[in-house]
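A.B. asks: Residues 1 to 251 (full-length UniProt numbering) make up the sequence shown, in order. Glycine residues also receive a C-beta, built at the ideal position from the N, C-alpha and C atoms. Just dropping this structure here.
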Amino acid sequence: MQKNFPPLPGTLSSTGQALDPVAASGLNSKLNWLRAGILGANDGIVSISALLLGVIATNASTSTVLLSGVAATIAGAVSMALGEFVSVSAQRDNEHKVMEQEYNELLHAPGEERAEIAGILENYGMSTATAYRAAIEIGRNDPFRAHLQIEYGIDPHDLTSPLHAAVSSAASFLLGALLPLLTVFLIPDLSRVAGAIAVTAVTLLALAITGYISARIGGTSPVKSVLRLTIGGILGLALTFGAGYAFGAVA
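So, in structure tokens, the structure goes:
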């Protein structure tokens, strides 16, 4: 739950109104939500495809392959959701602690906080006089938000939601896992080699798409991102297929 901090005495928010820390999700939350989604999709694609290839390599029946894939998909989605929820919750708890500490410092020692901000601005290249004037201007408007952003990189209006991150991660894992599962379901009578080729082809195509999307979002090279994901996917699939083939031969 978001903790509510009332406006500091004699200050206004950046909009000229009382500070409202409970704000709609902003850019930071959306990017984190998207990051969790892409990570979950890639995890679902690679882990379930690798598991299916490992089971296919043992010459197991189609029903066994599908049941193994479904069980792994459910377990993976739950694991991703719990992991993301715990991680983001811990981050948010730490942010709340920092926010409470900063609020109390601004309330009881505004002069010291003003000097601290002036020092930070000086390190950015401002003269002492300019930095001090800027710190005073910040204190007249919304010092709580400004100090959090300058000192800690925290925006009290834009905190990541643990629930949103968990749901995004689980849903994207499920969507990613559906691709290899549907491949096995729609073409169940393929031989071991043909089935492995079909799952591998779908997996690499999906990884190339998610790699391209993540690169476009991050403003990086799509080629590097696609190659990184597809090469990693090939290695993972080859290892699990080889392990399954070896165990199948022994059995």
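Check the C-beta distance from A201 over to E84 and give it rounded, since I have them as a contact under 8 Å.
C.D. replies: Residue mapping note: residue 201 aligns to position 201 of the sequence shown, counting from 1. Residue mapping note: residue 84 aligns to position 84 of the sequence shown, counting from 1. No, A201 and E84 are not in contact; Cβ-Cβ is about 29 Å, not under 8 Å.
A.B. asks: According to DSSP, is T203 helix, strand or coil?
C.D. replies: For this step, residue 203 is matched to residue 203 along the sequence shown. T203: helix per DSSP, three-state reduction.
A.B. asks: Could you check the C-alpha separation between G236 and L148 for me, to the nearest Å?
C.D. replies: Against the sequence shown, residue 236 aligns to sequence position 236. Against the sequence shown, residue 148 aligns to sequence position 148. Distance between the alpha carbons of G236 and L148 is about 42 Å.
A.B. asks: Take the Cβ of L182 as the centre, count every other Cβ of all protein chains shown within 10 Å, and call the residue buried at 16 or more, exposed below.
C.D. replies: Translated into positions along the sequence shown, residue 182 becomes position 182. Classification for L182: exposed.
A.B. asks: Taking DSSP as the reference, what is the three-state secondary structure of M126?
C.D. replies: As a position in the sequence shown, residue 126 is number 126, starting the count at 1. Three-state DSSP puts M126 in coil, outside helix and strand.
A.B. asks: Alpha carbon to alpha carbon, how far is I197 from A90?
C.D. replies: Residue 197 sits at position 197 when you count from the first residue of the sequence shown. Residue 90 sits at position 90 when you count from the first residue of the sequence shown. Cα-Cα distance, rounded: 42 Å.
A.B. asks: With DSSP as the reference, label V141 as helix, strand or coil.
C.D. replies: Along the sequence shown, one-based indexing puts residue 141 at 141. Per the sequence shown, residue 141 should be read as Asn rather than Val. Three-state DSSP puts N141 in a helix.
A.B. asks: Is the Cβ-Cβ distance between E102 and E137 less than 9 Å?
C.D. replies: Taking the first residue of the sequence shown as position 1, residue 102 is located at position 102. Taking the first residue of the sequence shown as position 1, residue 137 is located at position 137. Not a contact, by the Cβ cut-off of 9 Å.
A.B. asks: Quick check on the burial criterion: 16 or more other C-beta atoms within 10 angstroms. Buried or exposed for A50?
C.D. replies: Counting from one through the sequence shown, the residue named residue 50 turns up at place 50. Buried: at least 16 other Cβ atoms inside 10 Å.
A.B. asks: Need the endpoints of the alpha helix (DSSP H) that D189 sits in, please.
C.D. replies: Position 189 of the sequence shown, counting from 1, holds the residue named residue 189. Neither: D189 is in no alpha helix (DSSP H) and is coded neither H nor E.
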